[in-house]
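Numbering of the sequence shown is given in full-length UniProt numbering, commencing with residue 1 and proceeding in unit increments.
Glycine included, each C-beta is placed from N, C-alpha and C at the ideal position.
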Amino acid sequence: MSEVHTDVAIIGGGPVGLSAACMLGHLGLSCILYEQNDTTSFHPRGHVVNTRTMEIFRSLGVAADVDAVSLPLERHAGIGFVTSLAGEEIGVIETRANPEWARIERLQSPVFKRSCPQDVLEPVLRTHAEACDCVETRFGHRITGIEQDETGVTLSWESASGATGRTRAKYLIAADGPRSFSRGRVGIGMQGRSIGQQIGVYFHADLWHLVETRPYLLYWIYNATTSGVLISLDGRRRWTYNFGYSENESREDFTADRCLAILRAVIGDPAVPIEIKNVMPWRMQARIADTMASGRVFIAGDAAHPLPPTGGQGMNTGVADVQNLIWKLNLVLRGAAPDSLLDTYDVERRPVAKFNVEQSARNAEAMVRKGLSGMLANESALLSNLEGPEGAANRAKLAEGIPEQRAHFDYPGQTFGYHYESALITPDGTALPEFSVAEYRPTARPGHRAPHLTLGDTPDTSLLDIFDIGHFTLLAGPDGQDWALAARSAADALDVPLNAFRIGTDVDTDVDAWGRLYGVSADGAVLIRPDGHVAWRSRSTGAARDLHDALARAVSRSDATVSA
Numbered sequence: 001m002s003e004v005h006t007d008v009a010i011i012g013g014g015p016v017g018l019s020a021a022c023m024l025g026h027l028g029l030s031c032i033l034y035e036q037n038d039t040t041s042f043h044p045r046g047h048v049v050n051t052r053t054m055e056i057f058r059s060l061g062v063a064a065d066v067d068a069v070s071l072p073l074e075r076h077a078g079i080g081f082v083t084s085l086a087g088e089e090i091g092v093i094e095t096r097a098n099p100e101w102a103r104i105e106r107l108q109s110p111v112f113k114r115s116c117p118q119d120v121l122e123p124v125l126r127t128h129a130e131a132c133d134c135v136e137t138r139f140g141h142r143i144t145g146i147e148q149d150e151t152g153v154t155l156s157w158e159s160a161s162g163a164t165g166r167t168r169a170k171y172l173i174a175a176d177g178p179r180s181f182s183r184g185r186v187g188i189g190m191q192g193r194s195i196g197q198q199i200g201v202y203f204h205a206d207l208w209h210l211v212e213t214r215p216y217l218l219y220w221i222y223n224a225t226t227s228g229v230l231i232s233l234d235g236r237r238r239w240t241y242n243f244g245y246s247e248n249e250s251r252e253d254f255t256a257d258r259c260l261a262i263l264r265a266v267i268g269d270p271a272v273p274i275e276i277k278n279v280m281p282w283r284m285q286a287r288i289a290d291t292m293a294s295g296r297v298f299i300a301g302d303a304a305h306p307l308p309p310t311g312g313q314g315m316n317t318g319v320a321d322v323q324n325l326i327w328k329l330n331l332v333l334r335g336a337a338p339d340s341l342l343d344t345y346d347v348e349r350r351p352v353a354k355f356n357v358e359q360s361a362r363n364a365e366a367m368v369r370k371g372l373s374g375m376l377a378n379e380s381a382l383l384s385n386l387e388g389p390e391g392a393a394n395r396a397k398l399a400e401g402i403p404e405q406r407a408h409f410d411y412p413g414q415t416f417g418y419h420y421e422s423a424l425i426t427p428d429g430t431a432l433p434e435f436s437v438a439e440y441r442p443t444a445r446p447g448h449r450a451p452h453l454t455l456g457d458t459p460d461t462s463l464l465d466i467f468d469i470g471h472f473t474l475l476a477g478p479d480g481q482d483w484a485l486a487a488r489s490a491a492d493a494l495d496v497p498l499n500a501f502r503i504g505t506d507v508d509t510d511v512d513a514w515g516r517l518y519g520v521s522a523d524g525a526v527l528i529r530p531d532g533h534v535a536w537r538s539r540s541t542g543a544a545r546d547l548h549d550a551l552a553r554a555v556s557r558s559d560a561t562v563s564a
């Protein structure tokens with residue numbers, strides 16, 4: 001049996017595994033990705049790429065290609081609640097149709113949240129990963145065994161052609177979905193619950209005459225035949241419809257003919273030709289792993305936290321998982337940090353994932369409370385009398401609950417406002433800001449994402465563009481030249497990659513705005529980790545030793561001696 005060697009092995013060729021491969025390739029670390037399917041996903045599945053994930057993709061040079069295959073921004077005007085596409089509109093939550101919403105979004109980031117279905121996102125990520133000489137992808141390869149010891153992990157695999165082999169990796173990232181073989185193999189348990197069972201129908205139909213003037217991303221459907229959510233994949237022809245079914249039904253009950261009848265009720269125009277491409281049963285879960293690491297095996301994405309799609313957090317939480325992990329793996333593999341740095345992956349990511357699981361479940365439950373259950377099985381008598389003049393009172397009753405659902409669809413605080421608390425973060429004594437899912441309050445308090453600020457007078461540039469997953473970044477105020485020197489000295493002593501910049505000298509941005517946003521004076525400084533989160537902050541001048549200690553702490557070291 002042949003055996004190959006690599007720095008990192010990845011199991012799972014979905015968005016999280018492919019994002020991990022792109023990051024490792026960007027850093028020049030060798031990796032081999034294994035995916036049991038022969039190619040990337042055929043079914044669109046998830047589609048929300050939130051703004052923070054787009055920032056991560058931008059840092060990897062992937063964002064422009066994701067933009068190119070995403071739903072056009074002008075077709076993302078809001079969330080519609082209707083009896084059918086041809087029927088009455090019950091209500092709407094405006095997003096990009098509202099100029100104020102768009103203005104606030106641009107203040108928060110240089111990129112926009114996009115709707116990019118998984119079947120077109122995955123090929124983009126795969127292309128970028130495979131363009132890296134140090135990355136190898138092996139689709140059509142099933143992992144049959146995982147064994148680890150003190151120095152690495154050995155994978156046994158079998159290809160679609162029947163070939164077998166072994167791969168020896170120093171570390172393993174398992175992003176192999178909610179039924180993760182890897183998670184079970186290393187003995188990681190899960191807590192949580194199943195919320196309900198669903199059917200997802202991917203189909204083609206030209207619906208332009210029904211949606212041209214209502215360019216919504218989602219259409220929540222409520223009528224006597226069905227309730228669920230219709231997702232616009234390209235704004236015209238490609239769609240998915242997801243709906244729940246009751247426990248006394250089985251997935252086999254939803255034949256092609258039955259699904260076609262349901263789609264006709266969704267559309268409301270019997271003359272429209274419909275081509276069903278795929279029918280996929282799935283189960284809505286709200287679960288969290290007991291731990292996200294076991295020895296040299298790290299689980300990410302749905303393998304660690306399958307969560308309801310109500311809020312679009314699934315893939316995005318997974319991409320943030322691997323970003324948090326891979327900068328740490330990079331330093332450990334290059335000898336700049338001890339293995340103990342990797343212990344903070346679970347410490348930092350699991351609380352964020354747990355919150356996202358719980359918030360997604362809260363979103364689903366909030367819809368149910370207002371009769372807007374959508375993807376959960378709904379047998380309410382109210383739905384049987386919604387259409388036409390006689391249904392006006394019932395439509396009004398449903399409409400009352402729609403404004404309360406905004407946090408389900410518009411959640412900048414959840415996207416940007418989470419923070420890390422671990423031994424890597426040096427507190428600065430400031431209080432934790434009030435957190436809101438629906439409102440983002442920028443802060444450079446240690447542990448939080450460093451805020452966006454434009455460079456010069458160009459609106460699509462960003463201070464975030466000088467951060468990189470391979471380096472720490474020191475931002476010093478215009479009078480903080482001593483901090484810049486101290487940062488370079490500490491980086492040399494610790495052998496940690498770091499770039500240092502002075503605002504107004506090395507970085508062309510509004511000096512006063514930066515000071516207010518980052519909470520420092522002209523002689524203050526902020527140390528930012530490779531994942532864009534603040535590790536340390538000094539509001540004004542201070543001792544160089546403080547910065548040295550903060551950088552050592554940020555890589556899990558107490559002195560300048562690197563463990564072999």
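Short of 6 Å from the beta carbon of residue 316, and not among the five residues preceding or following it, lie these beta carbons of its own chain, in chain order: 50, 53. Taken through DSSP and simplified to helix, strand or coil, residue 38 comes out as coil. The beta carbon of residue 382 sits closer than 8 Å to those of 371, 394, 397, 398, all from its chain and outside the five residues before and after it, given in chain order. DSSP lists 93, 218 as the beta-bridge partner residues of residue 79. With respect to the 8 Å criterion, residue 225 and residue 265 are classified as neighbours on the basis of their beta carbons.
Rounded to the nearest angstrom, the gap between the Cα atoms of residue 140 and residue 35 is 6 Å.
As summarised for the stretch 283-321, the continuous beta strand (DSSP E) elements at least 3 residues long and confined to that stretch are 297-299, given in chain order.
In the DSSP annotation of this structure, the continuous segment of the beta strand (DSSP E) that includes residue 231 starts and ends at 227-232.
Within the DSSP secondary-structure output, residue 499 pairs in a beta bridge with 473. Within the DSSP bridge table, the entry for residue 402 names no partner. Note: residue 145 is bridge-paired with 156 in the DSSP secondary-structure output.
A distance below 7 Å between beta-carbons, with the five flanking residues on each side excluded, links residue 109 to the following residues of its chain, in chain order: 51, 55, 452. Nearest to residue 198 by C-alpha distance, out of 251, 217, 231, is 251.
With a cutoff of 8 Å on beta-carbon distance, residue 495 and residue 336 are scored as near each other. About 6 Å separates the beta carbons of residue 234 and residue 71, which is inside the 8 Å limit, making them a contact pair. One thing to note: residue 90 has its Cβ no nearer than 8 Å to the Cβ of residue 78.
Distance from the CA atom of residue 324 to the CA atom of residue 302, rounded to whole angstroms, is 16 Å. Excluding residues up to 5 positions away in sequence, 110, 454, 455 lie with their Cβ nearer than 7 Å to the Cβ of residue 461 in the same chain. Non-local beta-carbon contacts of residue 9 in its own chain, meaning distances under 6 Å to residues more than five positions away in sequence, involve 32, 155, 167, 169, 172 in chain order. In this structure, the beta-carbon distance from residue 442 to residue 426 does not fall below 8 Å.
Bounds of the alpha helix (DSSP H) holding residue 261 are 256-267. Straight-line measurement puts the Cα of residue 490 at about 7 Å from the Cα of residue 547. Going by C-alpha positions, residue 238 is about 17 Å away from residue 262. Bounds of the beta strand (DSSP E) holding residue 204 are 190-204.
If you look at residue 435, you'll find it isn't in any beta strand (DSSP E); DSSP assigns it neither H nor E. Between the alpha carbons of residue 401 and residue 322 lies a distance of about 37 Å. In the DSSP annotation of this structure, residue 244 is not part of any alpha helix (DSSP H); the continuous beta strand (DSSP E) holding it starts and ends at 238-245. The three-state reading of DSSP puts residue 134 in coil, since its state is none of H, G, I, E or B. In terms of Cβ geometry, residue 125 and residue 62 form a close pair [threshold 8 Å].
Cβ neighbours of residue 116 within its own chain (closer than 7 Å, five residues either side excluded): 47, 49, 66, 69, 70.
Residue 373 sits buried, since 16 or more C-beta atoms from the chains shown fall within 10 Å of its C-beta. About 6 Å separates the beta carbon of residue 286 from that of residue 308, a gap short enough to meet the 8 Å contact definition. Uninterrupted alpha helix (DSSP H) stretches at least 4 residues long and entirely within the stretch 336-414 occur at 344-369, 392-400, 406-409, given in chain order.
For residue 167, the enclosing beta strand (DSSP E) stretches over residues 164-174. Three or more pairs of CB atoms, one per stretch, sit closer than 8 Å, so the stretch 476-485 contacts the stretch 538-557.
Contact annotation: residue 283 and residue 194 have beta-carbon atoms nearer than 8 Å.
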